[in-house]
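See structure below.
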C-alpha cells in the first residue's frame with residue numbers, strides 16, 4: 010500500500026524545479042529548473058491516469074481481460090513533452106544570445122527590461 | 032573527434048535510423064509512434080554532430096528544414112482527406128486499401144496493414160520531428176558559440 | 831527583504847502543493863474515466879488501431895497534434911531567427 014506517494018513525489022519534483030527557478034542566478038540553471046518543473050508535471054499527469062492493476066493500453070499481445078490504464082493523459086503528456094522540447098530550444102537560444110551580447114550568464118545583470 | 036569515434040559513428044548511424052524507422056512503422060501496434068521514432072532518428076544527427084563537428088554538417092541544414100516542411104504538409108493533407116465527414120476523420124480505416132484492413136477486436140498479434148491514416152500520419156510526424164530536431168541541433172552547432180563566424 | 835518575501839511565497843506554494851498531492855483521491859482509482867473507457871473499447875473498431883494512445887493522438891484528438899506540430903515549426907523558425915548573425 011503506497012497510498013498517495015506518487016502524487017507527493019511529483020509535487021516534490023515540481024518544488025525542486027521551482028526552487029532552482031527562484032533562487033539560482035545562472036540562466037542555464039534556470040532553464041534546467043523549468044525542465045524539472047515540466048517533468049514533474051508530466052509525471053503527475055501520467056500518474057493521474059493509473060488504474061490499479063492496469064496494463065499499458067495497447068492490444069498487441071495483451072493478456073485477455075486485463076484492465077487498462079487511462080490512455081488520454083498519456084496521449085496529452087506526449088504532446089506536452091514535444092512542446093516542452095520546443096520551448097527548451099527557444100530558451101537556450103535566448104540564453105546564447107544574452108551571453109553573446111552581455112558576456113555573462115547572471116540573470117540579475119540583464120536589467121534592460123526590468124521596471 | 033578521434034578516428035575511433037568517427038568510425039563507430041559511421042557504423043551506428045544506419046542502425047539508429049533503422050531503429051527509428053521501426054518505431055515509426057510499428058507505431059500503431061507497439062509502444063512508440065511518430066514523435067518517439069522521430070526523436071530516435073534525430074539522435075543520429077546528434078551523433079554525427081558530436082563525431083564530425085558542426086561545420087561538416089552545414090549542407091545538412093536545408094534538407095532537414097525541407098523534410099520538416101514536407102512532413103507538416105503531408106500531415107495536413109492527410110487530415111484533409113476526411114473533410115467529407117469531418118476534419119481528421121479516419122477515411123482509410125477499414126476501407127481495404129493501403130493500411131485499410133480492419134483490426135481484430137481484443138488482444139491480437141498485431142497486423143501491420145491496419146490503422147487507416149494513422150500509420151501515414153505517423154510517418155509524416157516522424158519526418159517532421161526528425162527534420163525539426165535535427166535542424167535545431169545543427170543550428171545550435173553552427174551558430175551557438177560566442178564568436179564563431 | 832525581497833529574498834524573504836520570495837522565500838515565504840515559496841513556502842506557501844510548497845505547503846499547498848504537498849497538501850494537495852497528499853489529500854488527492856487515492857492513487858490508482860480515477861473517478862472520471864468515461865471518455866477513456868470509450869477510447870479503450872472502441873479504438874480498434876473506429877480507428878483500426880491496436881495502440882490506443884496512437885489512436886487518440888492521431889485520430890480522436892488530431893487537432894492537438896496539429897497545434898503541437900505548429901509549435902515545433904515555430905520553435906525551429908524562432909531558433910533560426912534568434913541565432914543567426916547578420917552580415918555586417
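Protein chains in written order, with our numbering: chain G, 10 to 124; chain X, 32 to 180; chain V, 831 to 918.
We put the beta carbon where it would ideally sit given N, CA and C, even for glycine.
Being a predicted model, the structure only gives us computed values, none of them experimental.
Spatial distance of residue i from residue j (CA atoms)
i: residue 872/V; j: residue 77/G; result: 13 Å
i: residue 26/G; j: residue 100/G; result: 16 Å
i: residue 70/G; j: residue 57/X; result: 14 Å
i: residue 127/X; j: residue 47/X; result: 33 Å
i: residue 109/G; j: residue 33/G; result: 20 Å
i: residue 46/G; j: residue 853/V; result: 20 Å
i: residue 74/X; j: residue 166/X; result: 12 Å
i: residue 38/G; j: residue 31/G; result: 10 Å
i: residue 903/V; j: residue 163/X; result: 7 Å
i: residue 43/X; j: residue 151/X; result: 27 Å
i: residue 847/V; j: residue 20/G; result: 6 Å
i: residue 68/G; j: residue 878/V; result: 11 Å
i: residue 11/G; j: residue 18/G; result: 12 Å
i: residue 115/X; j: residue 77/X; result: 42 Å
i: residue 886/V; j: residue 92/G; result: 17 Å
i: residue 82/G; j: residue 866/V; result: 9 Å
i: residue 103/X; j: residue 851/V; result: 39 Å
i: residue 113/G; j: residue 107/G; result: 8 Å
i: residue 176/X; j: residue 910/V; result: 14 Å
i: residue 180/X; j: residue 174/X; result: Per-residue confidence for residue 180/X stands at a pLDDT of 45, beneath the threshold of 50, marking its modelled position as unreliable; the derived number appears in the next sentence. Approximately 8 Å, taken between the alpha carbons.
i: residue 895/V; j: residue 153/X; result: 11 Å
i: residue 62/G; j: residue 859/V; result: 10 Å
i: residue 90/X; j: residue 136/X; result: 48 Å
i: residue 40/G; j: residue 898/V; result: 21 Å
Residue i vs residue j beta-carbon contact at 9 Å
i: residue 66/G; j: residue 901/V; result: no
i: residue 146/X; j: residue 61/X; result: no
i: residue 912/V; j: residue 75/G; result: no
i: residue 190/X; j: residue 130/X; result: For residue 190/X there is no data in the structure shown, the boundaries of chain X being 32 and 180.
i: residue 156/X; j: residue 84/X; result: no
i: residue 169/X; j: residue 80/X; result: yes
i: residue 171/X; j: residue 101/X; result: no
i: residue 120/X; j: residue 113/X; result: yes
i: residue 15/G; j: residue 54/G; result: no
i: residue 49/G; j: residue 22/G; result: yes
i: residue 906/V; j: residue 95/G; result: yes
i: residue 37/X; j: residue 72/X; result: no
Local Cβ density within 10 Å of residue i, reported as buried at 16 or more and exposed below that
i: residue 115/G; result: exposed
i: residue 862/V; result: exposed
i: residue 121/G; result: exposed
i: residue 875/V; result: exposed
i: residue 117/X; result: exposed
i: residue 834/V; result: exposed
i: residue 56/G; result: buried
i: residue 884/V; result: buried
i: residue 160/X; result: buried
Secondary structure of residue i, DSSP reduced to three states
i: residue 121/X; result: coil
i: residue 177/X; result: coil
i: residue 16/G; result: helix
i: residue 77/G; result: strand
i: residue 69/G; result: strand
i: residue 77/X; result: helix
i: residue 113/G; result: coil
Between the region 878-893 of chain V and the region 90-104 of chain X, do at least 3 Cβ pairs fall closer than 8 Å? no
Three-pair Cβ contact test at 8 Å for the region 839-848 of chain V versus the region 24-38 of chain G: yes
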